[in-house]
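Participant:
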């Protein structure tokens with residue numbers, strides 16, 4: 111069974127990164143705002159698992 115992690119994007123990126131690292135889901139779904147996208151928070155979250163060898 112595939113797992114999907116649904117995560118809210120906020121100023122604090124570490125909780126999202128820890129959840130991705132702990133659960134290692136097959137898919138990620140981020141719920142974000144225009145402000146968080148402007149600040150590049152989703153990109154910052156996705157760059158970290160890539161460094162850990164998890165590809166999304």
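Residue numbers (our numbering): 111 to 166. Just so it is clear, CB atoms sit at the ideal spot from N, CA and C, and this is done for glycine as well.
1. So, is residue 165 buried or exposed, given that buried needs 16 or more other C-beta atoms within 10 angstroms?
2. What are the complete beta strand (DSSP E) segments, minimum 3 residues, inside the region 137-165?
3. Could you check where the beta strand (DSSP E) with residue 117 kicks off and where it finishes?
4. Using DSSP with H/G/I as helix, E/B as strand and the rest coil, what is residue 135?
5. Answer with buried or exposed for residue 119, where buried requires no fewer than 16 other C-beta atoms within 10 angstroms of its C-beta.
Facilitator: According to the structure data:
1. Position 55 of the chain shown, counted from the first residue, corresponds to residue 165. Around the beta-carbon of residue 165, fewer than 16 other beta-carbon atoms lie within 10 Å, marking it exposed.
2. Entirely contained in the region 137-165, the beta strand (DSSP E) runs reaching 3 residues are, in chain order, 137-141.
3. Locating residue 117 in the chain shown gives position 7, where the first residue counts as 1. For residue 117, the uninterrupted beta strand (DSSP E) segment begins and ends at 114-118.
4. Here residue 135 refers to the residue found at position 25 of the chain shown. Correct three-state label for residue 135: coil.
5. Residue 119 sits at position 9 when you count from the first residue of the chain shown. Flag for residue 119 reads buried.
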